[in-house]
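See structure below.
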Amino acid sequence: MFKRLLLFLVILSNISFGKAPQRAVSASQFTTEILLAIGAEEQVAGTAFMDNEILPELKEKYEKIPVLSSKYPSKEVFYSVNPDFVTGWKSLSMPNNLGSVEELNGNGVEVFFMKSLESNNIDDVFDDILEFGRIFDKKNNAQKIVASMKSELEQIKEKLPKEKVMVLPYDGGESAPFVVGGGGIGNTIIELAGGENIFKDIRGSFGNGTWEKVLMADPEIILIIDYGDNTVDKKIEYLKEKSPIKDIDAVKNERFAVIRLGDISAGIRNVNAVKRLAKEFHNVEI
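With mature numbering (1 follows the signal peptide of the UniProt record, and there is no 0) applied, the sequence shown corresponds to residues -18 to -1, 1 to 268, in that order.
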């Protein structure tokens, strides 16, 4: 039932847009950064739901746009900027957030969800960037960004060794590790960097693993996902001092790598994330 609902939302949201949006609201880090990167900042009326700091090269543009909320704005705040378009996490269309797609459309707000939110294919990220370029009449800028990302990715592939390193992508959790699963772009980034996610069999983008599986897999590197109030230092402290895996070599030898949540969410950061992880996993310089 839930999958059918998501498919229905995608069908409703992936419609043909006429005039380019002039008062868009972006309710996620990754969509905000895509819109700013393609040069659509003057068409954005508000942003929300940032997980990490904005990319430095986009900071000047970002600071000129009103931040409506650290999470989802209330409907009152959302409609106060007279939006004509909204994009971001799919949960924005829940009734207790910004309202259903039908409600938003009925109030004159077009909705677009990236297909890469439900994909582990890096090509879907590229397609989404190009689609934003089409919607916002910034096709040339989007094409240049995608061409650059593809070129960098090919350079990385050429330098990586064939051997994979076993990786525990740890988001948090104590009774059970909450981890990056195999169903999203985060797992793809790990693989493109020459890693193998020990929890790639989890179907979703994230999910609960088990400490027993970590002990059996004996990962070579622990990748810490950085966001929110549970800091990287707190996560590492728990793993080293109290966790069931405190005695495995990766923990004892402090084989920790760090990646921001924004880097493994589908968007313009993804190839740079692959580049950084390739260095962490294999000491490969690009």
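Built from N, CA and C at the ideal position, the CB exists for glycine as well. Computed from a predicted model, the values in this text were never measured in an experiment.
{"Query": "Stretch pair the stretch 180 to 193 + the stretch 162 to 170: three plus CB contacts closer than 8 Å", "Result": "yes"}
{"Query": "Selection from -1, 69, 109, 194 that minimises the alpha carbon distance to residue 156", "Result": "194"}
{"Query": "Three-state secondary structure assigned by DSSP to residue -14", "Result": "With a pLDDT of 47 at residue -14, under the threshold of 50, the modelled position of that residue is not reliable, and no figure is offered here."}
{"Query": "Whole-angstrom distance between residue 79 and residue 57, CA atom to CA atom", "Result": "7 Å"}
{"Query": "For residue 16 and residue 114, the rounded distance between their alpha carbons", "Result": "8 Å"}
{"Query": "Start-end ranges of the beta strand (DSSP E) lying completely within the stretch 191 to 264, minimum 3 residues", "Result": "203 to 208, 238 to 242"}
{"Query": "Coarse secondary structure for residue 65, derived from DSSP in three states", "Result": "coil"}
{"Query": "Own chain residues within Cβ distance below 6 Å of residue 249, not counting five before or after", "Result": "12, 15, 16"}
{"Query": "Closest residue to residue 216 among 175, 152, 268 (Cα-Cα distance)", "Result": "152"}
{"Query": "Residue 50 versus 30, 35, 118, 229, residue with shortest Cα-Cα distance", "Result": "30"}
{"Query": "Test item: CB-CB of residue 180 and residue 201 under 8 Å", "Result": "yes"}
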